[in-house]
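Worksheet for the structure shown next.
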Amino acid sequence: MQETTTVADYLKLRLEQLGVEQLFGVAGNYTAGFLDTILSDPKSPITISGNANELCAGYAADGYARTRGICATYVTYSVGAFSILNTIAGSFTEQVPVLLINGAPTNKEYATERHAGLLYSHTTGYQKVDIHMFRPITAAAERIIDARQAPYQIDSALMALLTQQRPAYLEIAEDLWRAQCPAPHRELKVDAPASVTVSSVKQAVQATVELMRTKPKPLFWAGVELQRQGLQAEFEQMLEQVNRQLPAEREIRFVTSALSKSVISEGNPYFEGSYTLSEAEISKLVGDDGCIVGIGAWTIGKDTGDENIRGDNIALAAQGGVLCGADYYASVELGSFIRELGAALAESVAADTSAVTGLRLADKLATASAAEAAAPDTLGYDRFFQALEPWLSEEDILVVDAGFPLLAAQPIRVPAADSFVAQAAWLSIGYSVAAATGVKCAHPDKRVVVTVGDGAFHETCQALSDQLAYGHNTVVFVLANGIYGVEQYIVNPNPFRKPPDEYGPPNTILNKPYAYNQLPAWNFDRLAEAFGGLGRTVGSADELAQVLVEIREKPQDRFLVTIQVPETDIPGALRQAVDHTVGEDEVGNDYWPPGDVF
Numbered sequence: 012m013q014e015t016t017t018v019a020d021y022l023k024l025r026l027e028q029l030g031v032e033q034l035f036g037v038a039g040n041y042t043a044g045f046l047d048t049i050l051s052d053p054k055s056p057i058t059i060s061g062n063a064n065e066l067c068a069g070y071a072a073d074g075y076a077r078t079r080g081i082c083a084t085y086v087t088y089s090v091g092a093f094s095i096l097n098t099i100a101g102s103f104t105e106q107v108p109v110l111l112i113n114g115a116p117t118n119k120e121y122a123t124e125r126h127a128g129l130l131y132s133h134t135t136g137y138q139k140v141d142i143h144m145f146r147p148i149t150a151a152a153e154r155i156i157d158a159r160q161a162p163y164q165i166d167s168a169l170m171a172l173l174t175q176q177r178p179a180y181l182e183i184a185e186d187l188w189r190a191q192c193p194a195p196h197r198e199l200k201v202d203a204p205a206s207v208t209v210s211s212v213k214q215a216v217q218a219t220v221e222l223m224r225t226k227p228k229p230l231f232w233a234g235v236e237l238q239r240q241g242l243q244a245e246f247e248q249m250l251e252q253v254n255r256q257l258p259a260e261r262e263i264r265f266v267t268s269a270l271s272k273s274v275i276s277e278g279n280p281y282f283e284g285s286y287t288l289s290e291a292e293i294s295k296l297v298g299d300d301g302c303i304v305g306i307g308a309w310t311i312g313k314d315t316g317d318e319n320i321r322g323d324n325i326a327l328a329a330q331g332g333v334l335c336g337a338d339y340y341a342s343v344e345l346g347s348f349i350r351e352l353g354a355a356l357a358e359s360v361a362a363d364t365s366a367v368t369g370l371r372l373a374d375k376l377a378t379a380s381a382a383e384a385a386a387p388d389t390l391g392y393d394r395f396f397q398a399l400e401p402w403l404s405e406e407d408i409l410v411v412d413a414g415f416p417l418l419a420a421q422p423i424r425v426p427a428a429d430s431f432v433a434q435a436a437w438l439s440i441g442y443s444v445a446a447a448t449g450v451k452c453a454h455p456d457k458r459v460v461v462t463v464g465d466g467a468f469h470e471t472c473q474a475l476s477d478q479l480a481y482g483h484n485t486v487v488f489v490l491a492n493g494i495y496g497v498e499q500y501i502v503n504p505n506p507f508r509k510p511p512d513e514y515g516p517p518n519t520i521l522n523k524p525y526a527y528n529q530l531p532a533w534n535f536d537r538l539a540e541a542f543g544g545l546g547r548t549v550g551s552a553d554e555l556a557q558v559l560v561e562i563r564e565k566p567q568d569r570f571l572v573t574i575q576v577p578e579t580d581i582p583g584a585l586r587q588a589v590d591h592t593v594g595e596d597e598v599g600n601d602y603w604p605p606g607d608v609f
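Everything in the sequence shown is counted per the working numbering, starting at 12 for the first residue and increasing by one.
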């Protein structure tokens, strides 16, 4: 058995053992020793992919990891690390296993800087600035400056990534890559959590079953942890186990939310739709005699309408515990909870089929955009997604950006499980275009379809260059309304009202979108050509239909399609509420007196 190896070879071997097949990043001399080690091994399964910038690299790694498994990205010290910070924060928040490898100055340069006062390139003079940035947003962060310690620090960071399914950070001095260190003698292995107790699982299951008895019209909320932990099959088995004993009118059904959309196939017979589960929506869905049972679901702002929905009709199994009403049960592993809950519910139903009645929601799924469907032949958010829904196939993965596109896309049904990707908790605009690069690398047999607002597209349009370099056939729909629409809606929704309210002095600023929310007009068709794709501009439903046909007829081509959306169009979900929504800038003026609540 080999006793020693280099630090670069050690990290390479560990990544290969964990199944890492893709590296995204921007090259720099500080990481060259590691990248060269991979390149020099023709048998290595790891592909090194360059990116236009660190933001694109980080989002690509996130898109890959959330749909395929662990991914890694590489940057150079400080200038690269500072740029990728935002993407790692998003991966941390949404529990996506991305490894960040940050090449750092040599120990000699550190010593010279410290003792002689020479400030090297990419340094601030504070030698721990990078690791201090990443420690709060990673499962583990290690600064490696001694080859003898490198194996233990690398393994520690990787084990944290595996156990928490969150990013890890390795900062490795450039002169260590080819330095000798002990070789690995066993593979990294994650054992079952020792803190999980059988009694806690049983108590949590008993409390949940009792809630479903006292609130006998339950509705499951399938959450994102089902996908993160690979528990989709267990959830579907639980549904089938319980429902096979119930008549059709009493089946227990499930919904998803923006963050968890498509974690279970939307063709599942028990699926009822994807919702923003605010208190008002929950009341509509289950009423006073029903309850919501979240399985792996997180209460993030986008999924709950920024409301704290916890209450006596809510059970939430996630993050290693179960909250049922006011009671919390710690140390409950989600897979064990699902299996035990399925058995307990099946036994309860077998004993008394009237104990849990379930409910159907088909009559609640009225489309908010029916009025728009009858409108003249112009395109808005709802009408676009109505046309996109039947066009999507099981061979497509839809990647949706934050803001109006995410709100409008949530109600449509996608054909296959794990075929809807959105950064619905962190909500960093521009995520979708660059994440699509990683999603396509993870699923080369699929076609990735992106829907993104023009403001968000401005952030990461360079990702089209990456997709050209990789030979991807990605389709990007830019919903161009010329403004940062969701930002305008939050601070002042008045321009979106039909008709807008007419404010007088001194509030005339409230009558139209603000100048600082206006976007520069781009010629997207020319941009598509510059990046080696086909550019199309669509302004009507008929034109959209023609372009959708053309895209299917050219399965190998990249498309950038501009959807011309009226400046003050909004998704149906917001249109229903806009007349009763108070913007941040409207509170306290002559029209909306302080203290009014809508």
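The beta-carbon is built from N, C-alpha and C at its ideal position, and this holds for glycine as well.
Since this is a predicted model, take the numbers as computed values, not measurements.
* Residue from Pro422, Pro455, Lys226, Asp412 with nearest C-alpha to tyrosine 70 -> Taking the sequence shown and counting its residues from 1, one reaches residue 70 at position 59. Minimum Cα distance to tyrosine 70 is reached at Asp412.
* Asked: For asparagine 40, which three-state DSSP category applies?
  -> In the sequence shown, residue 40 corresponds to position 29, counting from 1. Secondary structure at asparagine 40: helix, using DSSP grouped into helix, strand and coil.
* Asked: Of the choices Glu185, Thr15, Asn492, Thr149, whose alpha-carbon is the least far from that of tyrosine 88?
  -> Walking along the sequence shown from the start, residue 88 turns up at place 77. Selected option, being the one with the closest Cα: Glu185.
* Asked: aspartate 233 lies in the alpha helix (DSSP H); which residues open and close that run?
  -> The residue labelled residue 233 in the question sits at position 222 within the sequence shown. Looking at the sequence shown, residue 233 is not aspartate but alanine. Counting along the chain, alanine 233 falls outside any alpha helix (DSSP H), though it belongs to the beta strand (DSSP E) covering 228 to 233.
* On the three-state DSSP scale, how would you describe glycine 241? -> Position 230 of the sequence shown holds residue 241. Of the three classes helix, strand and coil, the one that applies to glycine 241 here is coil, per DSSP.
* At which residues does the alpha helix (DSSP H) containing alanine 337 begin and terminate? -> Taking the first residue of the sequence shown as 1, we reach residue 337 at position 326. Alanine 337 -> no alpha helix (DSSP H), and no H or E assigned at all.
* Contact with chain B by asparagine 40, beta-carbon distance below 8 Å -> Any reference to chain B falls outside this structure, which holds one protein chain only.
* **Contacts around isoleucine 349, its chain only, beta-carbon distance under 7 Å, and the 5 residues preceding and following it disregarded** => Position 338 of the sequence shown, counted from the first residue, corresponds to residue 349. Taking C-beta separations shorter than 7 Å and ignoring five residues to either side along the sequence, the partners of isoleucine 349 in its chain run Leu242, Glu245, Phe246, Met249, Ile306, following chain order.
* To do: Give the DSSP-derived three-state secondary structure of tyrosine 85 in the structure shown.
  => Numbered from 1 along the sequence shown, position 74 holds the residue referred to as residue 85. Three-state DSSP puts tyrosine 85 in a strand.
* Asked: Around the Cβ of serine 380, are there at least 16 other Cβ atoms within 10 angstroms (buried) or fewer (exposed)?
  -> For the purposes of this step, residue 380 is taken as the residue at position 369 of the sequence shown. Note that serine 380 scores a pLDDT of 43, beneath 50, so its modelled location is shaky; the value from the coordinates is reported in the next line. Buried: at least 16 other Cβ atoms inside 10 Å.
* isoleucine 408 (DSSP reduced to helix, strand or coil) -> For the purposes of this step, residue 408 is identified with residue 397 of the sequence shown, where counting begins at 1. When secondary structure is reduced to three states using DSSP, isoleucine 408 falls in the strand class.
* To do: Over the uninterrupted beta strand (DSSP E) stretch that includes arginine 264, give me the two end residues.
  => In the sequence shown, the residue the question calls residue 264 occupies position 253. Its beta strand (DSSP E) spans residues 264 to 267.
* For the segment 497 to 562, which segments carrying the alpha helix (DSSP H) assignment without a break, of at least 4 residues, lie completely within its bounds, in sequence order? -> 535 to 541, all fully within the segment 497 to 562.
* Endpoints, the alpha helix (DSSP H) within which asparagine 118 is located -> Working through the sequence shown from its first residue, we reach residue 118 at position 107. In the DSSP annotation of this structure, the continuous segment of the alpha helix (DSSP H) that includes asparagine 118 starts and ends at 118 to 127.
* List the DSSP bridge partners of glutamine 191. => Position 180 of the sequence shown, counting from 1, holds the residue named residue 191. Looking at the DSSP assignment, glutamine 191 forms a beta bridge with Thr17.
* Cβ neighbours of leucine 376 in the same chain (closer than 6 Å, five flanking residues each side left out) -> If you number the sequence shown from 1, residue 376 lands on position 365. The predicted position of leucine 376 is uncertain, since its pLDDT is 39 and thus under 50; no value can be drawn from it.
* Asked: Out of Glu292, Leu34, Asp590, Thr208, which has the shortest C-alpha to C-alpha gap to proline 510?
  -> Here residue 510 corresponds to residue number 499 of the sequence shown, with the count starting at 1. With distances taken between Cα atoms, proline 510 lies closest to Asp590.
* Mind reading off the beta-carbon distance from threonine 462 to leucine 418? Whole number of angstroms is fine, and I expect it under 8 Å. => Taking the sequence shown and counting its residues from 1, one reaches residue 462 at position 451. Taking the sequence shown and counting its residues from 1, one reaches residue 418 at position 407. About 11 Å separates the beta carbons of threonine 462 and leucine 418, which is beyond the 8 Å limit, so they are not a contact pair.
* Less than 8 Å separating the beta-carbons of aspartate 73 and glycine 449? -> Numbered from 1 along the sequence shown, position 62 holds the residue referred to as residue 73. Numbered from 1 along the sequence shown, position 438 holds the residue referred to as residue 449. In this structure, aspartate 73 sits near glycine 449, with a CB-CB distance shorter than 8 Å.
* Sub-8 Å separation of glutamine 529 and glycine 493 beta-carbons -> Numbered from its first residue, the sequence shown carries residue 529 at position 518. Numbered from its first residue, the sequence shown carries residue 493 at position 482. One thing to note: glutamine 529 has its Cβ within 8 Å of the Cβ of glycine 493.
* To do: With DSSP as the reference, label glycine 69 as helix, strand or coil.
  => Position 58 of the sequence shown, counting from 1, holds the residue named residue 69. In this structure, glycine 69 counts as helix in the three-state DSSP scheme.
* If you drop the 5 nearest sequence neighbours on each side, which residues of the same chain put their C-beta closer than 7 Å to that of valine 608? -> Within the sequence shown, the letter at position 597 stands for residue 608. Note that valine 608 scores 36 on pLDDT, short of 50, meaning its location in the model is unreliable and no value can be drawn from it.
* Over what stretch of residues does the alpha helix (DSSP H) that includes glycine 101 continue unbroken? -> Counted from its first residue, the sequence shown places residue 101 at position 90. Glycine 101 -> alpha helix (DSSP H) spans 90 to 104.
* Buried or exposed for glutamine 397, please, with buried defined as at least 16 other CB atoms from any protein chain shown within 10 angstroms of its CB. => Here residue 397 refers to the residue found at position 386 of the sequence shown. Looking at its Cβ environment, which holds 16 or more other Cβ atoms inside 10 Å, glutamine 397 is buried.
* Among Lys226, Ser273, Val274, Thr135, which one has its Cα closest to the Cα of valine 304? -> Your numbering for residue 304 matches position 293 in the sequence shown. Taking only the C-alpha atoms, the option nearest valine 304 is Lys226.
* **Exposed unless 16 or more other CB atoms sit within 10 angstroms - verdict on lysine 451** => Here the question's residue 451 lines up with position 440 in the sequence shown. Lysine 451 is buried by the Cβ-count criterion.
* Determine the contact status of phenylalanine 431 and serine 273, defining contact as a CB-CB distance below 8 Å. => For the purposes of this step, residue 431 is taken as the residue at position 420 of the sequence shown. For the purposes of this step, residue 273 is taken as the residue at position 262 of the sequence shown. For phenylalanine 431 and serine 273, yes; Cβs fall inside 8 Å.
* To do: Below 8 Å on the Cβ atoms is my guess for leucine 288 versus isoleucine 320; work out the distance and round it to an integer in Å.
  => Residue numbering aside, residue 288 sits at position 277 when the sequence shown is read from its first letter. Residue numbering aside, residue 320 sits at position 309 when the sequence shown is read from its first letter. 6 Å between Cβ atoms; contact.
* Asked: By Cβ distance below 6 Å, which residues in the same chain neighbour leucine 372 in space, the five residues on each side in sequence not counted?
  -> The residue given as residue 372 occupies position 361 in the sequence shown. Bear in mind that a pLDDT of 49 at leucine 372, under 50, signals an unreliable position, so the number given afterwards is only what the model happens to contain. Annotation for leucine 372: Glu283 place their beta carbon closer than 6 Å to its own, counting only its chain and skipping 5 residues before and after.
* Asked: Distance, Cα to Cα, alanine 171 vs alanine 328?
  -> One-based indexing of the sequence shown puts residue 171 at position 160. One-based indexing of the sequence shown puts residue 328 at position 317. Rounded to the nearest angstrom, the two C-alpha atoms are 22 Å apart.
* Quick one: what's got a C-beta closer than 7 Å to threonine 42's C-beta in the same chain, skipping five residues either side? -> Position 31 of the sequence shown, counted from the first residue, corresponds to residue 42. Result list for threonine 42: Tyr85, Thr87, Ile112, Gly114, in chain order.
* Would you kindly report the start and end of the unbroken beta strand (DSSP E) that includes valine 432? => Within the sequence shown, numbered from 1, the residue matching residue 432 stands at position 421. Start and end: 431 to 433.
* To do: Find out if the Cβ-Cβ distance for the pair leucine 390, leucine 571 is shorter than 8 Å.
  => As a first step, residue 390 is located in the sequence shown; it is residue number 379 there, counting from the start. As a first step, residue 571 is located in the sequence shown; it is residue number 560 there, counting from the start. Contact flag unset, no.
* **Cα-Cα separation between threonine 48 and lysine 139, rounded to whole angstroms** => For the purposes of this step, residue 48 is identified with residue 37 of the sequence shown, where counting begins at 1. For the purposes of this step, residue 139 is identified with residue 128 of the sequence shown, where counting begins at 1. Approximately 26 Å between the Cα atoms of the pair.
* Asked: Does the beta-carbon distance from proline 506 to proline 524 come in below 8 Å?
  -> Reading the sequence shown from its first residue, position 495 is the one you call residue 506. Reading the sequence shown from its first residue, position 513 is the one you call residue 524. The Cβ atoms of proline 506 and proline 524 lie closer than 8 Å to each other.
* To do: Express the C-alpha separation of tyrosine 481 and threonine 378 in angstroms, rounding to a whole number.
  => Locating residue 378 in the sequence shown gives position 367, counting from the first residue. Locating residue 481 in the sequence shown gives position 470, counting from the first residue. Bear in mind that the predicted position of threonine 378 carries a pLDDT of just 41, short of 50, making it too unreliable to give a figure here.
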